[in-house]
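Colleague: Chains as they are written, first to last, in our numbering: chain Z, 41 to 952; chain R, 3 to 59.
Could you have a look at this structure, given as structure tokens, before my questions?
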Amino acid sequence: MTISSEQSVYREQQRNGQSAGELPSVEYSLIRAHVYASLATVLISASFGILVASKFNFPEFLGGHAWLTWGRLRYNHTQGIFFAWLGNAFLAFFYYAVPRLSNRPVLSRKLGWFLFCIWNFAVVLPGWVLVAAGFSQPLEWAEFPLVVDAFVVLAFILMVFEFVLPFLRARASDLYVSAWYIIGGIIFTMLAYPVGNFVPELVPGARGAAFSGLWIHDAVGLYVTPFAVAIAYYVIPATTRRPIYSHFLSMVGFWVLFFTYPLNGTHHYVYSAIPMAAQKGAIVASVYLGMAVILVVTNQLLSLRGNSGTASKDVPLRFVWFGVVSYLVVSLQGSVQALMPVNRFIHFTDWVIGHSHLAMIGFASFIALGGIAHLWQRIPGTRYNERLMNWSFWLLAVGLTLMITDLTIAGLVEGQVWNSSAPWIDSVRAVGSYWLVRTLSGLPILAGFLLFWASLVTGPRLSEALTSATSRVTSEDIAAFEDAPAASHELIPTRWLSNAHVIAFGAGVGFFALSFLVLAILPGKELADEIKRAAPVTMPTLTASEQRGRVIYGREGCAYCHTEQVRFLAADVRRFGAPTEAWETKYDYPQLWGTRRIGPDLSREFNLHSQDWQLTHLFDPRLVVRDSVMPPYPWLFEGSANQPTQEGLDVLAYLQSLGRARELSGFDRQAMASNDTSSMSDMAMASEPSAEATPPTVPIAMIGGYSPSAPLLHPASDPNDLREEVSRGGILFAANCVSCHGPGGRGDGRASASLLPKPANLTAAQFSDERLSSVLWNGISGSSMPPWRQFAAEDLRALVAYIRSLNVPRAPSAASETATLDQGKAFFAAFCGSCHGSSGAGNGPTAGVLAPPPTNFHLKRPTEERAWEVLENGVPGTAMPPWKDQLSDDQRHALVEFVCSLYGTPQENSGQ
Amino acid sequence: MIDLIVIAISAIMFALLLVWWRWPAFRVWIEAPKYSMLRQERRFDDRNAARRTSFDL
């Protein structure tokens with residue numbers, strides 16, 4: 041050390057109350073407290089994660105308790121990892137590293153304990169309890185409620201005092217790269233957190249999503265990454281006793297990371313209504329980020345050159361090495377995922393879940409574990425069990441590798457199914473086994489965390505542990521940096537570079553502000569203008585009930601399985617309908633676009649399913665969708681699907697409002713009439729090669745409505761082909777229809793108890809191909825029969841063949857007497873014509889306002905028994921009343937004879 | 003947007019590399035913290051070792 045720098049250090053120590061040569065104190069008790077808190081909470085958080093994962097295979101597991109439902113556990117899993125585990129681990133590291141890096145103690149021990157209490161007893165614990173009790177915020181990485189967010193911000197302000205102030209008197213040449221990352225991470229998270237957590241509550245829909253997207257990435261880029269990289273840069277030289285490869289490269293990496301990370305956020309909303317310029321800016325920034333990470337990781341791995349033996353023997357260093365390699369993989373993966381050709385395929389799939397687990401466990405958690413294990417060996421009075429630590433590493437490494445591989449493949453499978461014409465539920469069925477493997481892969485990870493804890497409370501005490509650790513460092517290793525250049529401030533003559541850190545810090549804040557300007561504020565202004573221009577003046581707001589339902593929808597985590605954004609992609613439009621425009625979200629506080637699809641998108645739910653279907657689905661999804669993995673919500677009902685609570689009705693109201701504004705405003709009809717399509721959709725759709733070749737099978741804004749353009753599906757005429765079709769149709773029917781229609785097609789499926797009108801008894805009538813084609817294509821309005829037009833034409837044809845096979849037409853009975861038929865015709869005209877039309881074509885004067893529409897007897901011939909039963913009892917849930925009190929047996933008999941005679945005869949003008 | 007990001011990052015990288023290449027003193031200055039960090043680490047280890055020795059005695 042030069043004379044001037046020695047004098048400088050001396051003066052600083054005098055000011056801090058330290059004597060010359062005295063080292064600052066280290067708050068070991070606070071380190072211990074945060075380490076114990078981190079390990080206790082990681083076990084809880086990982087357990088939440090395993091429960092969440094297991095519910096994909098066993099959705100009923102703990103499904104009767106609101107506090108343990110999938111959505112709330114999922115919130116607590118990610119927030120627990122984020123705040124409880126990583127937050128405490130990082131704080132433990134700060135208390136260890138800041139005195140060493142700044143040569144000053146942290147500001148105050150009392151402040152430290154206050155911060156510990158704030159973090160654990162005002163953020164983590166109440167956050168978990170409030171989320172479990174149903175008070176949350178449905179925004180990714182911001183799920184703890186706003187009251188908890190206030191304490192998070194307070195905690196970061198306290199961190200500035202506790203950990204940043206000791207660095208303020210340091211010169212740039214004294215600041216090691218880990219210090220830069222600690223300072224940058226604390227300051228920038230303190231700035232970004234309020235923007236990501238509070239602004240979406242104030243800025244609606246697409247504009248809010250722009251801010252949310254920034255926070256999703258800032259949470260990783262400005263909170264997790266800087267602190268993890270700080271640990272890696274600290275542990276590597278401290279363990280190998282050799283300086284890092286290049287401090288210059290480490291600083292270049294630092295600034296490029298802090299410049300590009302905040303610019304990445306919008307890559308979570310590629311192909312959305314957010315302006316394409318912002319999307320593409322985020323994509324380019326993502327590619328740059330990948331290059332920056334290559335630089336950082338290369339520097340770190342080069343710092344390990346010649347120390348492969350140390351890295352293999354020293355378990356903490358091995359944890360860090362694994363984390364560094366994971367950092368490289370996950371960052372390159374992230375860059376590739378942002379590219380549009382990849383993003384359109386894998387976004388919303390389990391691939392992304394694998395990516396986030398690789399980031400949070402493979403990268404951040406492994407490095408945090410390495411940091412804890414490293415510092416633990418240097419705390420007086422602690423124990424350290426190297427054997428258990430080694431087991432912990434391998435359990436975590438094996439479990440994580442299995443999980444990432446499994447989820448990545450699952451994501452590819454989901455993407456493949458979503459881009460096909462297969463029904464949505466096929467993607468759920470296709471990855472069931474992968475979800476099971478994912479759950480099982482969580483067990484070794486949980487065991488690894490458990491053993492890690494055990495390794496810190498068993499084994500030899502500190503003196504032996506340190507001896508063991510230092511014995512591997514040779515005197516040559518220590519001498520390697522003794523002759524190295526000292527901090528030579530006099531070598532830099534200009535004032536400019538002496539204050540470089542101040543200038544650079546200002547630049548960093550500038551980068552941060554720039555990201556919000558170019559990716560949130562400017563796109564938000566553009567969106568606001570577009571909304572003002574495009575939103576119909578009659579756009580309805582949500583009713584009070586719908587608004588309450590929206591809150592419950594967010595509370596239960598529905599947005600984490602169902603997106604509310606149809607992307608500007610042909611595959612999305614084919615499956616769900618018109619792409620989501622910004623104006624549709626103008627009343628969405630906060631936005632619920634979502635970043636994951638386990639269930640289908642719900643943007644166009646209006647008119648798609650009946651009330652009975654929705655309620656039955658909420659009460660027990662598997663009653664109507666056999667292979668659904670959606671959790672049941674029995675606490676929204678009083679014992680049965682027919683008895684929803686007010687909350688259940690509110691959710692129903694909200695679901696049925698989704699897409700209503702689009703449907704009722706006439707937006708699409710106007711747009712199509714004026715041929716006015718936005719440049720946004722042109723750009724995105726045109727970039728997809730298949731867009732032109734495969735136009736949407738779901739007409740815009742018509743997903744739930746009647747379309748007269750239903751294809752006419754005729755089963756094969758060749759007997760062998762017909763047998764094959766019937767067989768295939770039977771399989772499809774078993775997979776998709778038995779929940780309502782029952783295994784034999786008698787309308788007695790499990791869901792039938794709570795559906796009105798009851799599902800059709802398909803054995804009790806003969807249907808024409810035209811009738812079945814129309815129903816499969818359009819559904820039946822006013823009933824629980826949804827449209828199945830997402831099926832391929834050959835599948836629909838197979839279903840037609842199978843359903844027709846369920847009813848074997850009987851040999852005609854003795855020819856009906858003409859007199860009876862004439863009598864029946866007269867009765868029909870008198871009593872039934874107003875609905876069914878005088879000719880029985882379902883087109884009477886009142887038919888247009890009835891849902892379900894009256895039967896067209898030219899296309900459907902009920903069995904005589906069924907016709908008699910209907911005349912006796914009516915059809916509950918429809919406009920068809922019982923006639924047994926009004927009509928005599930003979931009259932009803934004549935009517936039965938008449939309606940059964942109509943099938944197949946020419947009709948004047950049929951209804952549905 | 004894309005132009006802005008590409009130009010800004012390229013300018014930062016170019017400026018840093020230019021300074022590093024043209025100014026040897028900068029290279030020494032920028033690398034100094036990696037040595038001072040290890041010195042500090044060793045000072046702490048020595049203190050802990052001294053405490054351990056007194057504890058063992």
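Even for Gly, the Cβ is constructed at its ideal location relative to N, Cα and C.
Find the nearest neighbour of Trp434 of chain Z within the set Z:Pro356, Z:Ile465 and Z:Ser757, judged by alpha-carbon distance.
Modeller: In the first sequence, counting from the first residue as 1, residue 434 of chain Z sits at position 394. Per the Cα distances, Z:Pro356.
Colleague: Apart from the five residues on each side of it in sequence, which residues of its chain come closer than 8 Å, Cβ to Cβ, to Ala52 of chain R?
Modeller: Here the question's residue 52 of chain R lines up with position 50 in the second sequence. If we look at Ala52 of chain R and ignore the five residues flanking it on each side, it has no Cβ neighbours.
Colleague: Just the Cα atoms here: how many angstroms apart are Val910 of chain Z and Ser176 of chain Z?
Modeller: Reading the first sequence from its first residue, position 870 is the one you call residue 910 of chain Z. Reading the first sequence from its first residue, position 136 is the one you call residue 176 of chain Z. Cα to Cα, the separation comes out at about 50 Å.
Colleague: In the DSSP assignment, find the unbroken beta strand (DSSP E) run with Gln806 of chain Z in it and report its ends.
Modeller: As a first step, residue 806 of chain Z must be located in the first sequence, where it is residue number 766. First-last of the beta strand (DSSP E) with Gln806 of chain Z: Ala805 to Phe807.
Colleague: In the DSSP output, what is Arg501 of chain Z paired with across the bridge?
Modeller: As a first step, residue 501 of chain Z must be located in the first sequence, where it is residue number 461. According to DSSP, which records beta bridges pairwise, Arg501 of chain Z is partnered with Z:Arg423.
Colleague: By the criterion of Cβ-Cβ separation under 7 Å, what are the contact partners of Val206 of chain Z in chain R?
Modeller: For the purposes of this step, residue 206 of chain Z is taken as the residue at position 166 of the first sequence. First, the amino acid is wrong: residue 206 of chain Z is Pro here, not Val. Those within 7 Å of Pro206 of chain Z in chain R number zero; the least Cβ separation is about 13 Å.
Colleague: I want to verify the contact list: residues of chain R whose CB lies under 7 Å from the CB of Asp214 of chain Z, in sequence order.
Modeller: For the purposes of this step, residue 214 of chain Z is taken as the residue at position 174 of the first sequence. Within chain R, the residues whose beta carbon sits less than 7 Å from that of Asp214 of chain Z are Pro35 and Ser38, listed in sequence order.
Colleague: Can you confirm whether Gly321 of chain Z, when its beta carbon is compared against all beta carbons of chain R, has any partner nearer than 8 Å?
Modeller: Residue mapping note: residue 321 of chain Z aligns to position 281 of the first sequence, counting from 1. Chain R contact via Cβ: present.
Colleague: Kindly list, in the order they appear in chain Z, the residues whose Cβ is closer than 9 Å to that of Phe16 of chain R.
Modeller: Residue numbering aside, residue 16 of chain R sits at position 14 when the second sequence is read from its first letter. Within 9 Å Cβ-Cβ: nothing; Phe16 of chain R doesn't reach chain Z, min ~11 Å.
Colleague: Going by beta-carbon coordinates alone, are Pro206 of chain Z and Pro145 of chain Z separated by less than 8 Å?
Modeller: On the first sequence, position 166 is the one that residue 206 of chain Z refers to. On the first sequence, position 105 is the one that residue 145 of chain Z refers to. In contact: Pro206 of chain Z and Pro145 of chain Z (Cβ atoms closer than 8 Å).
Colleague: Classify Pro826 of chain Z as helix, strand or coil using the three-state DSSP reduction.
Modeller: On the first sequence, residue 826 of chain Z is found 786 positions in, with the first residue counted as 1. Residue state, collapsed to three classes: coil.
Colleague: Round the Cβ separation of Gly589 of chain Z and Leu692 of chain Z to the nearest angstrom and send it over; I've been treating them as touching at under 8 Å.
Modeller: Within the first sequence, residue 589 of chain Z is the residue found at index 549, counting from 1. Within the first sequence, residue 692 of chain Z is the residue found at index 652, counting from 1. About 7 Å separates the two Cβ atoms, so the contact holds.
Colleague: For Ala838 of chain Z, which residues of its own chain have a beta-carbon under 7 Å away from its beta-carbon, when the five flanking residues on both sides are left out?
Modeller: By one-based count along the first sequence, residue 838 of chain Z stands at place 798. Excluding residues within five positions, the ones whose Cβ falls inside 7 Å are Glu765, Arg768, Gly769 and Leu772.
Colleague: Between Met15 of chain R and Leu141 of chain Z, how many whole angstroms is the CB-CB distance? I'm expecting something under 8 Å.
Modeller: Counting from 1 along the second sequence, the entry for residue 15 of chain R is found at position 13. Counting from 1 along the first sequence, the entry for residue 141 of chain Z is found at position 101. In fact, because the Cβ distance is near 26 Å, the residues do not count as touching under 8 Å.
Colleague: Could you pull out every residue in the same chain whose Cβ sits closer than 7 Å to the Cβ of Thr578 of chain Z, ignoring the five residues on either side in sequence?
Modeller: Position 538 of the first sequence holds residue 578 of chain Z. Once the five neighbours on either side are set aside, the close Cβ partners of Thr578 of chain Z are Ser705.
Colleague: By Cβ distance below 7 Å, which residues in the same chain neighbour Ile24 of chain Z in space, the five residues on each side in sequence not counted?
Modeller: Summary: the structure shown does not reach residue 24 of chain Z, with chain Z confined to residues 41 through 952, and so no result is reported for it.
Colleague: Can you name the residues that DSSP bridges to Phe677 of chain Z?
Modeller: Numbered from its first residue, the first sequence carries residue 677 of chain Z at position 637. DSSP lists Z:Pro684 as partners of Phe677 of chain Z.
Colleague: If we count the other Cβ atoms within 10 Å of its Cβ and call it buried at 16 or more, is Gly472 of chain Z buried or exposed?
Modeller: Looking up residue 472 of chain Z in the first sequence gives position 432. With fewer than 16 other Cβ atoms within 10 Å, it is exposed.
Colleague: Ends of the beta strand (DSSP E) at Pro902 of chain Z?
Modeller: The sequence position of residue 902 of chain Z within the first sequence is 862, counting from 1. Run containing Pro902 of chain Z: Lys900 to Pro902, per the beta strand (DSSP E) assignment.
Colleague: Are the C-beta of Phe288 of chain Z and some C-beta of chain R separated by less than 8 Å?
Modeller: In the first sequence, counting from the first residue as 1, residue 288 of chain Z sits at position 248. Yes - at least one Cβ of chain R is within 8 Å of the one on Phe288 of chain Z.
Colleague: Using a Cβ cut-off of 8 Å, which residues of the stretch 293–313 of chain Z contact any Cβ in chain R, in chain order?
Modeller: Those residues of the stretch 293–313 of chain Z that come within reach of chain R (Cβ to Cβ, closer than 8 Å) are Trp295, Val296, Phe299, Thr300 and Leu303.
Colleague: Am I right that Tyr943 of chain Z and Arg901 of chain Z are in contact with their C-beta atoms under 8 Å? What's the rounded C-beta distance?
Modeller: Position 903 of the first sequence, counting from 1, holds the residue named residue 943 of chain Z. Position 861 of the first sequence, counting from 1, holds the residue named residue 901 of chain Z. Yes, Tyr943 of chain Z and Arg901 of chain Z are in contact; Cβ-Cβ is about 3 Å, under 8 Å.
Colleague: Mapping DSSP to helix, strand and coil, what is Asp5 of chain R?
Modeller: For the purposes of this step, residue 5 of chain R is taken as the residue at position 3 of the second sequence. Residue state, collapsed to three classes: helix.
Colleague: Using the beta-carbon count (16 or more within 10 Å), is Phe101 of chain Z buried or exposed?
Modeller: Residue 101 of chain Z sits at position 61 when you count from the first residue of the first sequence. Counting Cβ neighbours within 10 Å, Phe101 of chain Z comes out exposed, since fewer than 16 surround it.
Colleague: In three-state terms, what does DSSP make of Cys780 of chain Z?
Modeller: Counting from 1 along the first sequence, the entry for residue 780 of chain Z is found at position 740. If DSSP states are grouped into helix, strand and coil, Cys780 of chain Z belongs with the helices.
Colleague: Does any residue of chain Z bring its CB to less than 8 Å from the CB of Leu20 of chain R?
Modeller: As a working mapping, residue 20 of chain R is identified with position 18 in the second sequence. No, Leu20 of chain R lies away from the interface with chain Z (no Cβ there is under 8 Å from its Cβ).
Colleague: Please return the same chain residues whose Cβ sits closer than 6 Å to the Cβ of Gly688 of chain Z, not counting the five positions on each side in sequence.
Modeller: Residue mapping note: residue 688 of chain Z aligns to position 648 of the first sequence, counting from 1. Excluding positions up to five away in sequence, the list reads Leu676 and Phe677.
Colleague: Kindly say whether Ala325 of chain Z, judged by its beta-carbon, lies nearer than 8 Å to any beta-carbon of chain R.
Modeller: Residue mapping note: residue 325 of chain Z aligns to position 285 of the first sequence, counting from 1. Chain R contact via Cβ: present.
Colleague: For chain Z, check one thing: does any of its Cβ atoms lie closer than 8 Å to the Cβ of Arg24 of chain R?
Modeller: Along the second sequence, one-based indexing puts residue 24 of chain R at 22. No, no contact with chain Z.
Colleague: Identify whether Ile638 of chain Z lies in helix, strand or coil by the three-state DSSP scheme.
Modeller: As a working note, residue 638 of chain Z is residue 598 in the first sequence. Three-state DSSP puts Ile638 of chain Z in coil, outside helix and strand.
Colleague: Identify whether Ala741 of chain Z lies in helix, strand or coil by the three-state DSSP scheme.
Modeller: Taking the first sequence and counting its residues from 1, one reaches residue 741 of chain Z at position 701. For Ala741 of chain Z, the predicted model reports a pLDDT of 35, less than 50, meaning its position is unreliable; a value from the coordinates is still stated below. Coil, per DSSP.
Colleague: Just verifying my parser: in three-state terms, what is the DSSP assignment at Val122 of chain Z?
Modeller: Counted from its first residue, the first sequence places residue 122 of chain Z at position 82. The sequence shown places Phe at residue 122 of chain Z, rather than the Val named in the question. Three-state DSSP puts Phe122 of chain Z in a helix.
Colleague: For the pair the stretch 752–761 of chain Z and the stretch 628–646 of chain Z, tell me if three or more CB-CB distances fall below 8 Å.
Modeller: no
Colleague: Report buried or exposed for Asp446 of chain Z, applying the criterion of at least 16 other Cβ atoms within 10 angstroms of its Cβ.
Modeller: For the purposes of this step, residue 446 of chain Z is identified with residue 406 of the first sequence, where counting begins at 1. Buried: at least 16 other Cβ atoms inside 10 Å.
Colleague: Please tell me whether Ala77 of chain Z has its Cβ less than 8 Å away from any Cβ of chain R.
Modeller: Residue mapping note: residue 77 of chain Z aligns to position 37 of the first sequence, counting from 1. Not an interface residue.
Colleague: Could you give the residue range of the alpha helix (DSSP H) that holds Ser878 of chain Z?
Modeller: Within the first sequence, numbered from 1, the residue matching residue 878 of chain Z stands at position 838. Neither: Ser878 of chain Z is in no alpha helix (DSSP H) and is coded neither H nor E.
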